[in-house]
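In what follows, a single structure is set out as structure tokens and then discussed.
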Amino acid sequence: MYHVRVGVESSLPQAAKPSVRTAAAATLTVLLTTSPPWSRVGAPVTATASERQGVSRTYDIRCRRSRTYGVLVIDTPQTLVRHDGVDGELVVRRRVTPDGPVYELIVNGTFLMDTAETSTERLLAELALDRHPDPATVLVAGLGFGFTVASLLADGRVRRVDVVEIEPTLVDVLRRGVVPGLDAVVGDPRVRMVVDDVRAVLPASAPATYDAILLDVDNGPHFLVHEANAEVYEPPLLGAAARALRPGGLLAVWSASPAPVLDDALADAVGPVEQVVRTVRREQRDVDYHVYVASRAG
């Protein structure tokens, strides 16, 4: 997939908007759909082999008739990792942006996260840290790019973090530093990596082990990447998580959409539930993400 951004001066005619099509051999052609005659300053606007490896190129676009111009930037993501994993194909990509490189995690063709917007991953940790007086021992289910774990480790009260991740390739990606700076997350001496399915780990956990359990293994009960993960949001597993919590412990669950059934299940399995909504800007629109925090009686 090619990403095309167009930034224009205020004087650029509104009609001068590009349309994009892909030609044979994955060559990108930019067509300017406007009536005035246009000229391109610089090389012809086609995707070369180097561009398909993640290089960003900028072209000036000039209108001869009105003497106005804009800037066309062509980005092509670079695939860093492609692996047939436990739950399907795992892809890590890098794309160039004006603010620097952005890394994307895609599983089975579904976008899961990137490094451009990590506030809700961090929020999952921050809610537990803010609401628990002594979050010494925490379990995180779902490693992602490690931002939830990194937020936990930034708090000196946290002495141990068990991270349950079913995909060994993702653990290796962070360990090798494919995403710069995040190798320190899995290398921290307080972190214990458990390469396993949380659906097996939580029922086998000893009672009253954790001060907080943070679940972020899928996009929530209503937007599943893997149908088998529906069990994560159902009463049996939530009950197992509740038993693994110490008195006063917290169970926090991330969801990409509102999940009233999850709210009810958490209340039944754990205790009172607080729903926190965080609005983020993605692709020119506002998107709401949800974290449900259930508190076990002290």
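Sequential numbering from 0 applies to the sequence shown in numbering that gives the first Met the number 0. Glycine included, every Cβ here is placed at the ideal spot set by N, Cα and C.
Secondary structure of Val178 (DSSP, three-state): coil. Contact check between the stretch 121 to 140 and the stretch 206 to 217: three or more CB pairs, one atom from each, fall below 8 Å, which counts as touching. By the criterion of a C-beta distance shorter than 7 Å, Gly248 is surrounded in its chain by Tyr209, Asp210, Ala211 and Arg295, once the five residues flanking it on both sides are discounted. A direct Cα-to-Cα measurement between Ala255 and Tyr291 gives close to 11 Å. Under DSSP, Gly84 takes part in a beta bridge, and its partners are Gly87. According to the DSSP secondary-structure assignment, Val292 is paired through a beta bridge with Ala251 and Glu273.
Bounds of the alpha helix (DSSP H) holding Pro202 are Val197 to Ala203. For Phe146, the enclosing alpha helix (DSSP H) has its first and last residue at Phe146 to Leu152.
Between Arg94 and Leu79, the gap from beta carbon to beta carbon reaches 8 Å or more. In chain order, Arg198, Leu201 and Glu230 place their CB closer than 7 Å to the CB of Leu236, counting only its own chain and leaving out the 5 sequence neighbours on each side. Within the same chain, and ignoring the five residues on either side of Thr114 in sequence, the residues whose Cβ sits closer than 7 Å to its Cβ are Val101, Tyr102, Phe144 and Val178.
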